[in-house]
Amino acid sequence: MKSYFDELQLYLDKGMAFHSALNLYEWDMETQAPKMCQENTSKVIGILSDGYFRYYINVEVEKIIKKLENKKYYEKMNCMEQGIIKELKKMQNQLGNIPLEEYKKFSELCATASNVWARSKEKNEYALFAPTLEMMIEYKKKFMKYRGIKGKNVYSNLLYDYEPGFGEEELDLFFEKIKTEIIPLVKTIIEKHSVLNQKYEQNQSKTNKIPREFQYEIEKQRKFCRYLASYIGFDSNKGVISESAHPFTTSLHNHDVRITNHFNEKYPESAIFSVIHETGHALYEMNIKDEYSQTLLGEGTSMGMHESQSRFWENMIGKKEAFWKPLYPKLQETFPAAFNHISLNEFIKEINQVHAGFIRTEADELTYSLHILIRYEIEKEIFHNEKISMEQLEKMWNEKYQEYLGILPKNASEGILQDIHWACGDFGYFPSYAIGSAIAAQIYVHIKNVMPVEEYLESGNLLPIREYLKEHIHQYGKLKTTKELLMEMMGEEFNPNYYIDYLKEKYSELYL
Ligand code: ZN
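Position in the sequence shown counted from 1, then plus 1, gives you the working numbering.
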């Protein structure tokens with residue numbers, strides 16, 4: 002006899018197929034699709050998105066879920082099925098109460114908002130984007146009302162959407178620590194080494210060794226980065242690497258994970274650390290258990306946990322001397338004229354350099370959290386203060402950069418207009434980047450206690466590290482929450498002190 006879950010499965014499979022198609026289009030638009038495709042292809046994407054939601058959110062599905070929630074049936078389901086129901090309910094909760102007409106209007110606004118943002122950024126005119134931003138905020142507040150969430154709880158719930166279990170209460174404590182512990186350290190380093198918003202070129206004559214007058218041939222960079230990805234564990238039988246303006250990872254299922262990279266002829270480090278970062282994301286997706294793949298559990302459990310995996314490889318592992326020991330000769334071999342005269346130790350110092358800059362995506366490991374702190378405080382203000390004007394937001398942005406990093410953005414492009422997130426309606430997303438860094442540091446400290454990390458890195462044996470992450474995090478997909486995974490792996494909850502101590506220790510040693 003067919004069970005209620007079997008009935009549900011028909012909808013789930015179709016929804017999943019639409020989801021895969023959407024991901025494939027997203028990938029294609031960023032990598033291969035011709036410029037002119039946008040308008041026509043957007044129509045197809047619109048129809049697919051509509052289909053995707055209709056399969057997951059409809060009266061029939063609601064009825065089946067109600068039946069399955071009955072104790073009699075619920076207890077008969079296995080934990081995977083129960084997990085799927087939980088995810089489905091979360092989706093319904095987030096989208097189910099929004100009238101379709103309004104959701105459509107919002108989707109249209111999203112489609113145009115990123116264009117308005119891009120134009121406004123190009124022209125350096127915040128006033129051009131401000132009215133769109135205001136509408137975006139209004140929609141977000143309104144959608145929360147449909148979910149029955151009002152007032153001070155709105156921002157916490159936006160945060161939960163990206164990072165279950167991490168609302169304002171937890172994040173206030175976290176960012177307060179960053180404020181009191183990291184800002185003074187950054188200030189000391191800046192004062193002592195005058196690294197105030199110095200670009201690589203300006204720094205050239207002082208401490209920097211990697212030559213910038215050199216042309217780092219793209220084809221050679223590409224080859225080296227491919228080698229690097231597979232060295233870390235990227236399986237080319239289950240994934241591909243392409244190129245896009247901003248590197249990203251997307252996954253159709255655990256046997257088809259796609260990452261992109263970007264290249265700069267002057268700064269090979271940009272591609273090197275991007276590919277390590279995206280490989281960290283890819284390993285997560287590739288290692289999800291077969292039975293969870295292509296279900297609602299078939300992706301990383303939260304944005305923060307995903308980001309922890311990419312940052313763990315990029316920063317904690319990828320910027321260590323032990324990691325580069327077996328690899329550095331290969332880089333020297335690739336660009337002998339540039340790297341032969343630079344020792345491994347000098348290379349490590351340079352890739353760990355701190356500088357107070359305006360742009361989040363170019364920030365080093367230490368100042369990165371301050372960029373997120375600023376965005377967190379502004380987003381809080383947006384959702385707490387009903388009367389806040391768009392002009393005030395820009396003012397706040399600039400004042401906070403001045404206060405925390407000691408630099409004042411000269412224009413809106415290097416200020417409030419630099420990120421696309423708000424133009425996509427992604428409020429509450431930024432903190433997951435900082436949570437990810439903090440989780441990465443916590444995992445790093447733990448993993449050093451359970452295995453000889455240094456030794457493995459020096460001998461080029463990354464398998465035990467990879468396997469550990471797979472066993473304790475990756476394989477579960479969304480079945481377990483971030484907090485559950487951390488607890489089960491280390492017997493301890495999320496604890497930002499590891500991150501603070503890690504940063505203080507690492508950068509005091511490098512700079513003070
Ligand atoms: Zn990432």
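Glycine included, each C-beta is placed from N, C-alpha and C at the ideal position.
Would you check whether the ligand ZN has a heavy atom nearer than 7 angstroms to the C-beta of residue i?
| i | result |
| --- | --- |
| Ser303 | no |
| Ser311 | yes |
| His282 | yes |
| His422 | no |
| His473 | no |
| His278 | yes |
| Glu308 | yes |
Tell me which same chain residues have a C-beta within less than 8 angstroms of the C-beta of residue i, skipping the five on either side of it?
| i | result |
| --- | --- |
| Lys239 | Asn255, His256, Asp257, Val258 and Met287 |
| His263 | Glu244, Ser245, Ala246, His247, Pro248, Ser271, Ala272 and Ser275 |
| Lys91 | none |
| Glu135 | Met391 |
| Leu345 | Glu322, Trp325, Lys326 and Tyr329 |
| Tyr26 | Thr42, Val45, Ile46 and Leu49 |
| Asn24 | Thr251, Ser252 and Leu253 |
| Ser231 | Ser237 |
Does residue i pass the burial test, meaning 16 or more other C-beta atoms within 10 Å, or should it be called exposed?
| i | result |
| --- | --- |
| His356 | buried |
| Thr302 | buried |
| Tyr75 | exposed |
| Val60 | exposed |
| Met17 | buried |
| Ala114 | buried |
| Gln222 | buried |
| Thr133 | buried |
| Ser206 | Because the pLDDT of Ser206 is 43, which lies under 50, any placement of that residue in the model is unreliable, and the number read from its coordinates should be weighed accordingly. It counts as exposed. |
| His282 | buried |
| His342 | exposed |
| Asn158 | buried |
| Glu82 | buried |
| Val45 | exposed |
| Cys80 | exposed |
| Asn41 | exposed |
| Met491 | buried |
| Gln310 | buried |
| Met37 | exposed |
| Pro185 | exposed |
| Lys72 | exposed |
| Pro453 | exposed |
| Pro35 | exposed |
Comparing C-alpha positions only, which one of the options sits nearest to residue i?
| i | options | result |
| --- | --- | --- |
| His338 | Tyr512, Glu218 and Glu351 | The sequence given here places Ala at residue 338; His does not occur at that position. Nearest option by C-alpha distance: Glu218. |
| Trp28 | Phe225, Phe215, Ile260 and Tyr12 | Ile260 |
| Tyr163 | Met491, Met488, Tyr503 and Thr483 | Thr483 |
| Gly358 | Asn346, Glu378, Gln403 and Glu351 | Gln403 |
| Ile138 | Ile184, Gly426, Glu40 and Ile66 | Gly426 |
| Ile379 | Tyr156, Glu493 and Tyr369 | Tyr156 |
| Lys64 | Glu366, Ile99 and Leu9 | Leu9 |
| Lys180 | Arg227, Ile466, Leu486 and Ala435 | Ala435 |
| Tyr127 | Val454, Asp173 and Asp420 | Asp420 |
| Met317 | Asp51, Glu170 and Asp365 | Asp365 |
| Phe336 | Arg213, Met304 and Lys388 | Arg213 |
| Leu229 | Ile448, Lys331 and Leu174 | Lys331 |
| Lys210 | Lys350, Ile448 and Phe235 | Lys350 |
What does a CB cutoff of less than 7 angstroms around residue i pick up in its chain, not counting 5 residues either side in sequence?
| i | result |
| --- | --- |
| Ile233 | Ile277, Thr280, Trp314 and Leu463 |
| Ser509 | none |
| Glu266 | Gln216, Tyr217 and Ile219 |
| Lys68 | Tyr5 and Tyr74 |
Can you list, in chain order, the residues of its chain with a C-beta nearer than 6 angstroms to that of residue i? Leave out the 5 residues immediately preceding and following it.
| i | result |
| --- | --- |
| Ile190 | Val355 and Tyr512 |
| Gly97 | Ile58 |
| Tyr503 | Ala442 |
| Ala131 | Met391 |
| Leu480 | Gly84 and Leu298 |
| Ser21 | Leu253 |
| Tyr140 | Phe107 |
| Val62 | Tyr12 |
### Stretch-stretch touch, CB-based, cutoff 8 angstroms, three pairs: the segment 496-512 with the segment 431-444
yes
Count the CB pairs spanning the segment 467-483 and the segment 146-159 that are closer than 8 angstroms, and state whether there are at least three. no
Would you call the segment 401-413 and the segment 120-127 touching, i.e. three or more CB-CB distances under 8 angstroms? yes
- Are the segment 453-468 and the segment 317-332 touching by the rule of at least three beta carbon pairs closer than 8 angstroms? Cβ pair count under 8 angstroms is three or more, so yes.
inquiry  = Within 8 angstroms, do at least three Cβ pairs link the segment 74-94 to the segment 389-402?
reply    = The answer is no - the segment 74-94 does not touch the segment 389-402, with fewer than three Cβ pairs under 8 angstroms.
Inter-stretch contact at 8 angstroms, needing at least 3 Cβ pairs: the segment 372-384 / the segment 287-300: no
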